[in-house]
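Engineer: Okay, so the sequence shown: first residue is 1205 according to our numbering, each after it adds one.
All C-beta atoms, glycine included, are put in the ideal place defined by N, C-alpha and C.
Only a predicted model underlies this, so the values are computations on that prediction, with no experimental measurement involved.
I'd like to ask you about the structure that follows.
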Amino acid sequence: MSTASVSAVVAVAQFGPVADRDANLAAMRSLAMHAVEQGAGLVVFPEYSSYFSPVMGPDWLAAAEPLDGSFVEGLGDLASETGAIIVAGLIESGTRDDRFRNTVVAVAPGGALLAVSRKLHLYDAFGATESAWAEPGAIEPPQLFDAIGLRVGIQTCYDLRFPEVTRRLVDAGAELVLVPSEWVAGPGKVHALTTLVTARAIENTVYVAAADHIPPVGVGHSMIVDARGELLASIETATDAVVAPVSRDHLDEVRRLNPALRLRRFGVVPL
1205 MSTASVSAVV AVAQFGPVAD RDANLAAMRS LAMHAVEQGA GLVVFPEYSS
1255 YFSPVMGPDW LAAAEPLDGS FVEGLGDLAS ETGAIIVAGL IESGTRDDRF
1305 RNTVVAVAPG GALLAVSRKL HLYDAFGATE SAWAEPGAIE PPQLFDAIGL
1355 RVGIQTCYDL RFPEVTRRLV DAGAELVLVP SEWVAGPGKV HALTTLVTAR
1405 AIENTVYVAA ADHIPPVGVG HSMIVDARGE LLASIETATD AVVAPVSRDH
1455 LDEVRRLNPA LRLRRFGVVP L
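Structure, rendered in structure tokens:
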């Protein structure tokens, strides 16, 4: 399938990654094909799509790969096969032997890396301690890329709870923000995910597309919302991929009616 056959459509793909890279890539291929059949030119998969087990441990370190490893190569093959840009999370080799990096990559047809985003805020909350095994991403200029007619930025899961992360992406030019996640299940977590995705869209007048793991570990509820925060497409708890059209005209109209970005009086400065 050629890139000329895809349109200004984004997809979120929801599944349950397992502790088997090849099995995950096979599941992703099925979902990506389904998304592209619906017109998607950009397909967003969850955080930790390369490898996942219920409890972090030494096996996660063993599963870590470099950016030129087999998983990213597999994403490049998938992008080439479908003609769509593929965005997915992986366990990347860390800067030290006892830590990995929680990384998301965007891969173009042909295998070129369009962007690399490493999770900034580790999930040391609600009884979890991600920092026992992962290292946080360095605070660097966001890597944006062009896709389906928009400038695209990436943040990861728990970063959604820090509004300055999204605002920094928007300050850099992002018009569509992708949020690969493993949003851990628990009381009130569906409400938190849907509220935060919607809020980040409304306050920044941008599209937001969040892709999650299915239950029982994740909450599911992957979604795409527009720059007004209105829900365009969603999945509840099934393994599936859904799509929604995006347009610059929509962004321009929303920002004309609500010029909040232009009217604000505060900026974002890293600590």
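#1: Helix or strand or just coil, what does DSSP make of I1406?
#2: Output the distance between the C-alpha atoms of G1298 and L1455, rounded to the nearest integer angstrom.
#3: Pairs of beta-carbons, one from the region 1321-1329 and one from the region 1442-1450, closer than 8 Å: are there three or more?
#4: Nearest to G1422 by CA position, among A1442, I1406 and I1428, is which residue?
#5: Could you name the residues that DSSP lists as bridge partners for D1444?
#6: Along the chain, where does the alpha helix (DSSP H) containing P1262 start, and where does it finish?
#7: Looking at C-alpha atoms only, which residue of A1464, R1432, L1235 and P1419 is the closest neighbour of T1286?
#8: Around the C-beta of P1262, are 16 or more other C-beta atoms found within 10 angstroms, so that it is buried, or is it exposed?
#9: State whether the region 1295-1313 contacts the region 1333-1346, with contact taken as three or more CB pairs (one from each stretch) at a distance under 8 Å.
#10: Going by DSSP, which residues form a beta bridge with A1380?
#11: Using 8 Å as the Cβ pair cut-off and three pairs as the minimum, do the region 1387-1404 and the region 1306-1313 touch?
#12: What residues match up with L1317 in a beta bridge as DSSP calls it?
#13: Just how far apart, CA to CA, sit V1388 and H1417?
#14: Check the C-beta distance from V1374 over to V1410 and give it rounded, since I have them as a contact under 8 Å.
#15: So within the region 1251-1305, which uninterrupted alpha helix (DSSP H) runs reach at least 4 residues, ignoring any that extend past its ends?
#16: Check whether the region 1263-1276 touches the region 1213-1221, taking contact to mean three or more Cβ pairs, one atom from each stretch, closer than 8 Å.
#17: Throw me the rounded Cβ distance for the A1319 and I1358 pair, which I believe falls under 8 Å.
#18: What is the rounded straight-line gap between the Cα of G1293 and the Cα of R1459?
#19: Here's the rule: buried if 16 or more other CB atoms are within 10 angstroms of the residue's CB, otherwise exposed. What is L1461?
#20: Around the Cβ of P1250, are there at least 16 other Cβ atoms within 10 angstroms (buried) or fewer (exposed)?
#21: Exposed or buried, what is A1378 when buried is set at 16 or more other beta-carbons lying within 10 Å of its beta-carbon?
#22: Secondary structure at P1463, three-state DSSP: helix, strand or coil?
#23: Per DSSP, M1427 forms a beta bridge with which residues?
#24: Going by the DSSP bridge assignment, what does R1322 pair with across the sheet?
#25: Which class does P1340 belong to by DSSP, given the choice of helix, strand or coil?
#26: Based on the DSSP output, what are the partners of L1246 in its beta bridges?
#27: Within this structure, are the beta carbons of L1246 and I1289 separated by less than 8 Å?
#28: Looking only at DSSP bridge pairs, what is P1449 linked to?
Structural biologist: According to the structure data:
#1: helix
#2: 38 Å
#3: no
#4: A1442
#5: Q1218
#6: P1262 to A1267
#7: L1235
#8: exposed
#9: yes
#10: In the sequence as displayed, the identity of residue 1380 is Leu instead of Ala. Bridge partners of L1380: V1356 and Y1411.
#11: no
#12: V1311
#13: 9 Å
#14: 6 Å
#15: 1262-1267 and 1274-1286
#16: no
#17: 6 Å
#18: 31 Å
#19: exposed
#20: buried
#21: buried
#22: coil
#23: A1414 and S1438
#24: T1307
#25: coil
#26: V1214 and I1289
#27: yes
#28: V1213
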